[in-house]
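If you count the sequence shown from 1, position 9 lands on 52 in our numbering, and the numbers rise without skipping.
Each remark here refers to the structure printed beneath this line.
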Amino acid sequence: MSTEFFCRLATVNDLKLIHVFLPGVIDAMQATGNYQWSDTYPTDVEFLNDIKLKRLWVVATRSIGVSVSGAEDVAGFAAITMDQSPEYVQCGWDITEEAVVAHRLCSNPRYRGKGVAQMLYGQCEVVARDRGIKRLRVDTCSENIPMNSVIKKCGYLYVGQCSLGLTGKGEGHMFNCYERNLE
């Protein structure tokens, strides 16, 4: 038996699968000093809005050779939007320029090392090309060493840092900003 991975728009039904692994991901992030996510972000408010706007994508899995149809799992998710934070001007970006931006990208630890994040960044490119947009942008907490590495592996170039106004333990953290041009 093998597993097939594929990217699709998320549905409300995917939230229960996301909630299985998201708390552990947040705990692991915070254990390394990365407080960009907490029990107050991301929440179902963001996820439901992303689903409604058809911009939450999941990498789903399907077991090949299993007779149970529809048995899927969520290997990761990302909001693929055109929303740029006003703070992006701190790294020199013109936020009036159209760009596809990945937000809230997360891999299920069960599927780490399977290329899930790369598939989601690949979906960013598909969305951008479908819309005729030439720029891809992403930010991640400077403390998020694994994600910074994945972003660079996907061909994004570091352009600077910005602050995103985190409160609590995340206050003062800087976010690394990356861009990839499709021209």
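Ideal Cβ positions, reconstructed from N, Cα and C, are used throughout, including at glycine.
The model shown is predicted, which means the values in this text are computed figures rather than measured ones.
Inspect the beta-carbon positions of Tyr221 and Leu207 and report whether they are closer than 8 Å.
-> When the beta-carbon positions are compared, Tyr221 and Leu207 stay at least 8 Å from each other.
What span of residues does the beta strand (DSSP E) with Arg174 cover, start to end?
-> Per DSSP, Arg174 belongs to no beta strand (DSSP E); it is in the alpha helix (DSSP H), 159-174.
If we count the other Cβ atoms within 10 Å of its Cβ and call it buried at 16 or more, is Glu141 buried or exposed?
-> Label assigned to Glu141: exposed.
Look at the Cβ atom of Leu179, then the Cβ atom of Leu225, and state whether they are nearer than 8 Å.
-> Yes, the Cβ-Cβ distance between Leu179 and Leu225 is below 8 Å.
How would you write the range of the alpha helix (DSSP H) that Ser192 sits in, first residue to last?
-> Run containing Ser192: 188-196, per the alpha helix (DSSP H) assignment.
Indicate whether Ile176 and Val143 have their beta-carbon atoms separated by less than 8 Å.
-> Cβ distance < 8 Å, so Ile176 and Val143 count as in contact.
Residues near Gly67 in its chain [Cβ-Cβ closer than 8 Å; skip 5 each side] | Cβ neighbours of Gly67 beyond the five flanking positions: Pro152.
Can you have a look at Glu47 and say buried or exposed, based on whether 16 or more other CB atoms are within 10 angstroms of its CB?
-> Under this definition Glu47 is an exposed residue.
Phe64 versus Leu58: straight-line alpha-carbon distance, rounded | Approximately 10 Å, taken between the alpha carbons.
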